[in-house]
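Residues in the sequence shown are numbered consecutively from 225, following the numbering used here.
C-beta: ideal position from N, C-alpha, C; glycine also.
Fair warning: this is a prediction, and the values are worked out from it, not measured in the lab.
Step one of this worksheet: look at the structure below.
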Amino acid sequence: MLPEWMELKHKVETNKADSAGIDLCNAKLMRADLSKGDFRGADFSSAYLLRTNFQGAKLCDVDFTGAIMSEANLSNTDLEGAEFTDAYLCGTDFSGAINLTCDQIDLATLDKDTRLPDYIKIEWTSDTTWECIDDD
C-alpha cells in the first residue's frame, strides 16, 4: 500500500468509534479493522474495502455504492438504510447482520461465496444470475 493509504487506514482504524458521517468516498482501506466502529451515515462510495473487517459495526444509512468489498466481514452489523447499488460483494460475509433486505442488494454483484443472513435466501438461476427472497 502507498504511504498515504496506510496513513488514512491507521487514522480511520484509530477513530472508528467516533466516525459517524465520515466521508471515505474512494478511500483505500483494504484489510482495515473497523470492527465495532460507528459509521452511521458514512460515505464509502467507490471505496476499496477488500477483506475489511466491519464485524459488529454500526452501518445504518451508510453509502457503499460502487464499493469493492470482496471478502469483507459485515457479520453482526445493523444495515438499515445502507446502500449497495453496484457494490462488488463477492465472498462478503453478512451472517448475523440485521435489517438487510433484498432491495438493498438487488443491484449489487454477489457470488456463491457471499454469506447472507439466515432470513435472506438466494436462488441461483445460472452461474451468474440469482433471485433474492426475503424470508418474512
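Boundaries (first-last residue) of the beta strand (DSSP E) holding residue i
| i | result |
| --- | --- |
| Ile344 | 344-348 |
| Cys356 | 354-358 |
Residue i classed as buried or exposed, judged by whether at least 16 other C-beta atoms fall within 10 angstroms
| i | result |
| --- | --- |
| Met293 | buried |
| Asn277 | buried |
| Ala321 | buried |
| Arg264 | buried |
| Leu324 | buried |
| Gly245 | exposed |
| Tyr343 | exposed |
| Glu347 | exposed |
| Asn221 | Because the chain is modelled from 225 through 360, residue 221 falls outside the range shown and cannot be assessed. |
| Glu307 | buried |
DSSP-derived helix/strand/coil call for residue i
| i | result |
| --- | --- |
| Asp242 | helix |
| Cys307 | Per the sequence shown, residue 307 should be read as Glu rather than Cys. The answer is strand: DSSP assigns Glu307 an E or B state. |
| Lys282 | strand |
| Lys260 | coil |
| Lys252 | strand |
First and last residue of the uninterrupted alpha helix (DSSP H) at residue i
| i | result |
| --- | --- |
| Gln328 | 326-329 |
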